[in-house]
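Reading through the structure tokens given below for one structure.
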Amino acid sequence: MIRTMLSAALVLMPLAAGAQAPPPVTPGTPYEQARRALLADGWQPLRDPDADRCSQTDRRCAGRPEMLACSGTGAANCLFGWQRGGTTIEVITEGEDTVVTGLRRRR
2 MIRTMLSAAL VLMPLAAGAQ APPPVTPGTP YEQARRALLA DGWQPLRDPD
52 ADRCSQTDRR CAGRPEMLAC SGTGAANCLF GWQRGGTTIE VITEGEDTVV
102 TGLRRRR
């Protein structure tokens with residue numbers, strides 16, 4: 002895995018003065034709905050060559066090129082990367098139904 006997965010705790014993106022508004026995604030939102038909202042708001046999927054590989058049978062990440070990492074055990078956490086302008090974020094999900102649990106700026 003490219004990074005340690007987070008627990009289900011909510012992670013919010015801090016905004017610096019003059020920073021753009023956070024993406025239109027809230028915890029508890031199904032990832033597919035959050036994905037549509039991000040695309041509509043001008044965010045682009047981040048394609049990271051160092052991302053984990055997604056099994057074609059894993060519906061959490063299949064067809065989602067922005068997948069960075071998905072855990073095969075435990076809470077089934079996943080990270081999905083997005084970018085807009087000079088900002089890159091990670092959407093954190095949990096469970097087989099990929100429900101958003103938080104957002105964070107990517108470093």
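With this note's numbering, the residue at position 27 of the sequence shown is 28, and numbering never jumps.
Using N, Cα and C, we set each Cβ at its ideal position, and we do this for glycine too.
Taken through DSSP and simplified to helix, strand or coil, A70 comes out as strand. Assignment of alpha helix (DSSP H) within the segment 25-51, counting only whole runs of 4 or more residues, yields 32-41 in chain order. The DSSP-derived three-state label of G96 is coil. In chain order, Q45 and L47 place their CB closer than 6 Å to the CB of Q84, counting only its own chain and leaving out the 5 sequence neighbours on each side.
Taking C-beta separations shorter than 8 Å and ignoring five residues to either side along the sequence, the partners of A52 in its chain run I3, M68, L69, A70 and G82, following chain order.
Straight through space, the alpha carbons of C55 and A76 are spaced by roughly 17 Å.
The beta-bridge partner set that DSSP reports for R85 consists of T88.
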